[in-house]
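Asks:
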Amino acid sequence: MTETLRGVIVATALPYREDPSAPAGLAVDYDKFAEHCDWLISNGCHGVGPNGSLGEYSSLTDAERRKVVQVAVEAVGGRGVVVAGVHGPGWHQAKHWAELAAEDGADGVLALPPTMYRASASQVVEHYTHIAEAGLPMMIYNNPYDTKVDLVPSLVAEIAEIPQVKAVKEFSGDVRRLFEIREKCDIDVVAGADDVLFELMVDGAVGWFAGFPNVFPAESVRIYNLMLDGQVAEARALYEKLVALFRWDSRTEFVQAIKLSMDIVGRYGGPCRPPRGALMPEHRAQIEAETKRAVEAVASLAV
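By this note's numbering, the letter at position 228 of the sequence shown is numbered 264, and the numbering carries on one by one without gaps.
#1: For alanine 293, collect the residues of the same chain with a Cβ closer than 6 Å to its Cβ; drop the 5 residues on either side in sequence, then sort them by chain order.
#2: Three Cβ pairs or more, each shorter than 8 Å: is that satisfied between the stretch 246-256 and the stretch 189-200?
#3: Return helix, strand or coil for glycine 340, following the three-state DSSP convention.
#4: Please report the distance separating the alpha-carbon of valine 211 from that of proline 56.
#5: If you run the structure through DSSP and keep just helix, strand and coil, what is tyrosine 260?
#6: Pick helix, strand or coil for arginine 287, following the three-state DSSP scheme.
#7: Tell me where the beta strand (DSSP E) around alanine 147 begins and ends.
#8: Assign methionine 316 to one of two classes, buried (16 or more other C-beta atoms within 10 Å of its C-beta) or exposed (fewer than that).
#9: For histidine 166, which residues from the same chain have a beta carbon less than 8 Å from its beta carbon, with the 5 sequence-adjacent residues on both sides left out?
#10: Helix, strand or coil, according to DSSP, for isoleucine 198 in the structure here?
#11: So, is leucine 76 buried or exposed, given that buried needs 16 or more other C-beta atoms within 10 angstroms?
#12: Under 8 Å, do alanine 142 and valine 107 count as touching if we go by C-beta distance?
#13: Grouping DSSP H, G and I as helix and E and B as strand, with all else coil, what is valine 420?
#14: Do you know offhand how far aspartate 74's Cα is from alanine 111's?
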């Protein structure tokens, strides 16, 4: 099994700058994005994942979406992996993005089932079969909340027969699935939600396609490495300080929440493009409080 898609791969948030001529008055800030990718790798993350949901891929123009991958590849510079999101309504679109990702130097792809359509099992398998024709290692992505398609363990096993499929990003929240997936096929299981990382790694997850490492990269990598090394108590002590904030990764407002946390810790998160609007005041206050507590807790553990 290839290890290309293992480790802490960060679903990178995408920065914008104000520009009246750009879509929704917000232009992608490629310089800030390149700096952010470099910072994540410099803090020990194993790779970056541009054009995921956190990267607001569905709000980008085709030209922007391609350039985001190109910038990530250049910024990482071979020090880690670039796993490009290739999500699309149909396989012809997803395959196109996978082909461009291969052309532009990505190391692998992350792919949802067909978006905006509740596909049957056979249609899901067909979808991934065609994406695989691009030739890159693939992580399939189970997010039944957004796609209304649940990649249950039996379906994962069927998809895993495609040679390019190496891993599944498990976002259902049902940690019981890991053992069943491993019983049915030889595929890496990757934690897909920040607030089930600990539980999934206890059961044997070998990767984390992650959101809040955009805010706490070094600390997140430390949790992951401690778990790999079997230092469960030490990992739990750090994870427990961050998990309240991590829960936002599983909520509707996860993009705004992570960007706000980035702003609070001195990074640049900034605004989101539509349809994602401003946070409700009570959500903003909660995220601010939980980020502050996380920063203070991390600092106290470092003393």
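Positions of the beta carbon are idealized from the N, C-alpha and C atoms, including for glycine.
Replies: A quick look at the data gives this:
#1: For the purposes of this step, residue 293 is taken as the residue at position 257 of the sequence shown. Excluding residues within five positions, the ones whose Cβ falls inside 6 Å are Trp284 and Ile323.
#2: Cβ pair count under 8 Å is below three, so no.
#3: As displayed, the chain neither begins before 37 nor continues past 339, which places residue 340 out of reach and without an answer.
#4: Locating residue 211 in the sequence shown gives position 175, counting from the first residue. Locating residue 56 in the sequence shown gives position 20, counting from the first residue. Between the alpha carbons of valine 211 and proline 56 lies a gap of roughly 45 Å.
#5: Locating residue 260 in the sequence shown gives position 224, counting from the first residue. Reduced to three states, the DSSP call for tyrosine 260 is helix.
#6: Your numbering for residue 287 matches position 251 in the sequence shown. If DSSP states are grouped into helix, strand and coil, arginine 287 belongs with coil.
#7: One-based indexing of the sequence shown puts residue 147 at position 111. Boundaries of the beta strand (DSSP E) harbouring alanine 147: 144-147, taken from the DSSP string.
#8: Working through the sequence shown from its first residue, we reach residue 316 at position 280. Exposed: under 16 other Cβ atoms inside 10 Å.
#9: Counting from one through the sequence shown, the residue named residue 166 turns up at place 130. Answer for histidine 166: Trp127, His128, Ala130 and Lys131, listed in chain order.
#10: The count along the sequence shown starts at 1 and reaches residue 198 at position 162. In the structure shown, the three-state DSSP call for isoleucine 198 is coil.
#11: Within the sequence shown, the letter at position 40 stands for residue 76. With 16 or more other Cβ atoms within 10 Å, it is buried.
#12: Taking the first residue of the sequence shown as position 1, residue 142 is located at position 106. Taking the first residue of the sequence shown as position 1, residue 107 is located at position 71. For alanine 142 and valine 107, no; Cβs fall outside 8 Å.
#13: One cannot answer for residue 420 here, as it falls past the ends of the chain, which runs 37 to 339.
#14: Your numbering for residue 74 matches position 38 in the sequence shown. Your numbering for residue 111 matches position 75 in the sequence shown. Near 6 Å, if we compare the C-alpha coordinates of alanine 111 and aspartate 74.
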